[in-house]
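Trainee:
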Amino acid sequence: MPGGRLTQQERQQIALGLADGLAYAEIARGLDRPTSTVTREVMRNGGPTGYRADLAHRATEHRAHRRRQAAPRGPQATSTAYGRDAAAVHEYEEVFTTLLMGQGLPKMVSRVLTCLYISDAGSLTASELAQHLQVSPGSVSKAVALLEGLGLIRRERDERRRERYIVDNDVWYQSMIASARSSAQLAETARQGVVILGPESPAAVRLENIARFVDFVAESIIRAAEQAREVLYAKPEATQPGPDRG
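Throughout the sequence shown, residue numbering follows the working numbering, covering 1017 to 1262 in sequence.
1. Going by beta carbon distance, what residues of the same chain come within less than 7 Å of M1192, once the five residues before and after it are set aside?
2. Write down the C-beta distance between L1022 and E1057 rounded to the nearest angstrom, noting that I regard them as a contact closer than 8 Å.
3. Leaving out five residues before and five after S1152 in sequence, what residues of the same chain have Cβ atoms less than 8 Å from its Cβ?
4. Between which two residues does the beta strand (DSSP E) carrying E1179 extend?
5. How about M1117 and K1158: are their beta carbons less than 9 Å apart?
6. Please check the pair I1182 and R1170, which I expect to be a contact at CB under 8 Å, by giving their CB distance rounded to whole angstroms.
7. Cutting at 7 Å between CB atoms, please list the residues of its own chain near R1176, excluding the five before and the five after it.
8. Classify R1170 as helix, strand or coil using the three-state DSSP reduction.
9. Just curious, the beta strand (DSSP E) that T1141 is in, first and last residue?
10. Which residue comes first and which comes last in the alpha helix (DSSP H) that contains S1191?
11. Can you name, in chain order, every residue of its own chain whose Cβ lies under 8 Å from the Cβ of C1131, other than the five neighbours on each side?
12. Which of the three DSSP states is assigned to A1039 in this structure?
13. Which value, in whole angstroms, describes the spacing of the CA atoms of A1250 and L1047?
14. Note down, in chain order, each residue of its chain lying with its Cβ closer than 6 Å to the Cβ of T1055, except the 5 sequence neighbours on either side.
15. Does the separation of the CB atoms of G1062 and A1072 fall below 9 Å?
16. So A1227 packs on A1206, CB below 8 Å; how close in whole Å?
17. Helix, strand or coil for E1175, going by three-state DSSP, please let me know.
18. With a threshold of 7 Å on Cβ separation, who are the neighbours of Q1028 within its own chain once the five nearest residues in sequence on each side are excluded?
19. Do G1209 and A1200 come within 9 Å of each other at the CB atom, strictly closer than that value?
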């Protein structure tokens, strides 16, 4: 399996595959590349409907040039806190961003949320986000507003009166509960259709089955979220010494 960056020819093959309606996995097999490589390439360069091989190639070259300019010199170039490999962290950040984009979030929103998730503090200021992502404060502001509206982050002021954007552990719980409540609204709307369409009609039967299914899943999500909520606050367990096998 070849490694390294995608070539311009490979990007052209990806564009042709997308035009033919091929799945990412099928395109990847034709290139002898991992499916994740193709998925990441497409999602960070316009998505399946907006991908253009020449633009994607230029954008990748520009990102590589920008990273080289921003790369620190000396012993700090390959390691960060906790002995992390800086290159591996950067690659993981891109993978996580691509995942969020695949779930429907816009690119800048995904980048901001990923930054917050992988920061040790779980909070960053607008200027810190803008500096890390090499974007304008305005871009960060728009992304933050959307994330806050979705309930995925919250904001507060620190001791220096700066606004900090925070992803705390309970966000996941609240997000699950909000999703379950949204599903409950779907079930209620489906049942309204049962009455309107006539309980014996095929359409009404379909809607009633949808409502029952959604009700069951929503109730299961709420119950599981409440039972597992404490997991979000669990501390790493200290490694216990094993028995002496000497």
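A virtual CB, placed ideally from N, CA and C, is assigned to each residue, including glycine. All values reported here derive from a predicted model rather than from experimental measurement.
Mentor: Here's the rundown:
1. The beta carbon of M1192 lies closer than 7 Å to those of I1237, A1241 in the same chain, with the five residues before and after it left out.
2. That belief holds up - the Cβ atoms of L1022 and E1057 are roughly 6 Å apart, short of 8 Å.
3. Around S1152: A1146.
4. E1179 -> beta strand (DSSP E) spans 1179-1182.
5. For M1117 and K1158, no; Cβs fall outside 9 Å.
6. Yes, I1182 and R1170 are in contact; Cβ-Cβ is about 5 Å, under 8 Å.
7. Sequence-distant Cβ neighbours of R1176 in its own chain, meaning closer than 7 Å and more than five residues away, do not exist here.
8. Taken through DSSP and simplified to helix, strand or coil, R1170 comes out as strand.
9. Bounds of the beta strand (DSSP E) holding T1141 are 1139-1141.
10. Counting along the chain, the alpha helix (DSSP H) containing S1191 begins and ends at 1186-1213.
11. Closer than 8 Å at Cβ, skipping near neighbours: E1109, L1140, L1145, H1148, L1149.
12. The answer is coil: DSSP assigns A1039 none of H, G, I, E or B.
13. Distance between the alpha carbons of A1250 and L1047: 43 Å.
14. A distance below 6 Å between beta-carbons, with the five flanking residues on each side excluded, links T1055 to the following residues of its chain, in chain order: Y1040.
15. Taking 9 Å as the Cβ cut-off, G1062 and A1072 qualify as a contacting pair.
16. About 4 Å separates the Cβ atoms of A1227 and A1206, confirming a contact at the 8 Å cut-off.
17. Assignment of E1175 by DSSP, reduced to helix, strand and coil, places it in the coil class.
18. Hits under 7 Å: A1069.
19. Their beta carbons are not under 9 Å apart, which means A1200 does not touch G1209 by this criterion.
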